[in-house]
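Peer 1: Residue numbers (the numbering used here), protein chains in the order written: chain A, 250 to 368; chain B, 200 to 310. Input: one structure, supplied below.
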Amino acid sequence: DTEVTQTPKHLVMGMTNKKSLKCEQHMGHRAMYWYKQKAKKPPELMFVYSYEKLSINESVPSRFSPECPNSSLLNLHLHALQPEDSALYLCASSQARTGTSGGHQETQYFGPGTRLLVL
Amino acid sequence: LAKTTQPISMDSYEGQEVNITCSHNNIATNDYITWYQQFPSQGPRFIIQGYKTKVTNEVASLFIPADRKSSTLSLPRVSLSDTAVYYCLAPPGGGSYIPTFGRGTSLIVHP
Chain A
250 DTEVTQTPKH LVMGMTNKKS LKCEQHMGHR AMYWYKQKAK KPPELMFVYS
300 YEKLSINESV PSRFSPECPN SSLLNLHLHA LQPEDSALYL CASSQARTGT
350 SGGHQETQYF GPGTRLLVL
Chain B
200 LAKTTQPISM DSYEGQEVNI TCSHNNIATN DYITWYQQFP SQGPRFIIQG
250 YKTKVTNEVA SLFIPADRKS STLSLPRVSL SDTAVYYCLA PPGGGSYIPT
300 FGRGTSLIVH P
């Protein structure tokens, strides 16, 4: 099973709402990622979890709050978002490996994304 | 962070071979170069990965010269369904691994 699932597929929320995005993988990967992607732009890394611990936070505003309850699940809690936060939110997972060169040999598997609209 | 540089867009026709080159002057000494494909409103999909020389799979080939400052993704005999954005990821050296997508190359395949 090489699938990463994300729910919901679409989400519309007001600026005062609290909502959560969910991501799940059963590939045994120990690294999980959240990305944000605006139209016609590349994915921008937001957070990385490694072995269920937050290892990278790319200076993301506190209105985005990640959570990794276990090695298969990743959540992104949303609160008091702004209209400019409307985007496609992508989850990914990977099993970081050391290649024969001794360096990073990482393949990320992405979910289909959640299309978020903030009104 | 060092960035990758790719052509913003390319056009091709069905049945042609397409080569997309990515420059990554500051790639980490031992890290791998990875290419992804992305269709609109979908997550990126892994295509191919390599460290040096040439790698081939059922979808594409990846050519990496000895200095590793660039890499070329080769798509043989493209079809309309290959219309997508293609990203190369090449981690810069000097620290922990942070995957960074460049602007990507938008490939349009014409009938």
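The beta carbon of each residue, even a glycine, is placed where N, CA and C say it ideally should be. Quick caveat, the model's predicted, so the values are computed rather than measured.
When DSSP labels each residue in this structure, what does Glu293(A) get in the three-state scheme?
Peer 2: Of the three classes helix, strand and coil, the one that applies to Glu293(A) here is strand, per DSSP.
Peer 1: Could you compute how far the alpha carbon of Gly277(A) sits from the alpha carbon of Asn319(A)?
Peer 2: About 11 Å.
Peer 1: Going by C-alpha to C-alpha distance, which of Arg267(B), His309(B), Thr228(B) sits closest to Thr220(B)?
Peer 2: When each option's Cα is compared against that of Thr220(B), the closest is Arg267(B).
Peer 1: Which residue marks the beginning of the beta strand (DSSP E) containing Arg244(B), and which one marks its end?
Peer 2: From DSSP, the beta strand (DSSP E) with Arg244(B) extends over 244–249.
Peer 1: Hey, could you find the ends of the beta strand (DSSP E) Gln286(A) is sitting in?
Peer 2: It spans 280–286 - the beta strand (DSSP E) in which Gln286(A) sits, taken as one unbroken run.
Peer 1: Within the continuous beta strand (DSSP E) that includes Asp210(B), where are the two ends?
Peer 2: Run containing Asp210(B): 208–212, per the beta strand (DSSP E) assignment.
Peer 1: Say whether the stretch 278–286 of chain A touches the stretch 327–344 of chain A, bearing in mind that this needs 3 or more beta-carbon pairs closer than 8 Å, one atom from each stretch.
Peer 2: As far as the Cβ criterion goes, the stretch 278–286 of chain A touches the stretch 327–344 of chain A, which means the pair count is three or higher.
Peer 1: Can you find a C-beta in chain B that's less than 8 Å from the C-beta of Pro361(A)?
Peer 2: Yes, Pro361(A) lies at the interface with chain B (some Cβ there is under 8 Å from its Cβ).
Peer 1: Output the distance between the C-alpha atoms of Gln215(B) and His223(B), rounded to the nearest integer angstrom.
Peer 2: Cα to Cα, Gln215(B) sits roughly 26 Å from His223(B).
Peer 1: If you count every other CB in all the chains shown that lies within 10 Å of the CB of Leu311(B), and 16 or more means buried, which is it?
Peer 2: Because chain B spans 200 through 310 in this model, residue 311(B) falls outside it and cannot be assessed.
Peer 1: Does the CB of Tyr286(B) have a neighbour CB from chain A at under 8 Å?
Peer 2: At least one chain A Cβ lies under 8 Å of Tyr286(B).
Peer 1: I need the straight-line Cα distance from Arg364(A) to Gln237(B), nearest angstrom please.
Peer 2: Near 15 Å, if we compare the C-alpha coordinates of Gln237(B) and Arg364(A).
Peer 1: Of the choices Tyr338(A), Leu327(A), Ser321(A), Ile305(A), whose alpha-carbon is the least far from that of Glu252(A)?
Peer 2: The residue with the shortest Cα to Cα distance from Glu252(A) is Ser321(A).
Peer 1: Report the rounded CA-to-CA distance for Ala288(A) versus Ala336(A), giving the unit in angstroms.
Peer 2: Cα-Cα distance, rounded: 7 Å.
Peer 1: Closest to Glu273(A) by C-alpha separation, out of Val367(A), Phe359(A), Leu368(A), would be which residue?
Peer 2: Selected option, being the one with the closest Cα: Phe359(A).
Peer 1: So what's Glu333(A) in DSSP terms, helix, strand or just coil?
Peer 2: In this structure, Glu333(A) counts as helix in the three-state DSSP scheme.
Peer 1: For the stretch 281–295 of chain A, enumerate the residues whose C-beta is nearer than 7 Å to any C-beta of chain B, in chain order.
Peer 2: Answer set for the stretch 281–295 of chain A: Pro291, Pro292, Leu294.
Peer 1: First and last residue of the beta strand (DSSP E) that includes Lys253(B)?
Peer 2: Looking at the DSSP string, the run of the beta strand (DSSP E) that includes Lys253(B) is 252–255.
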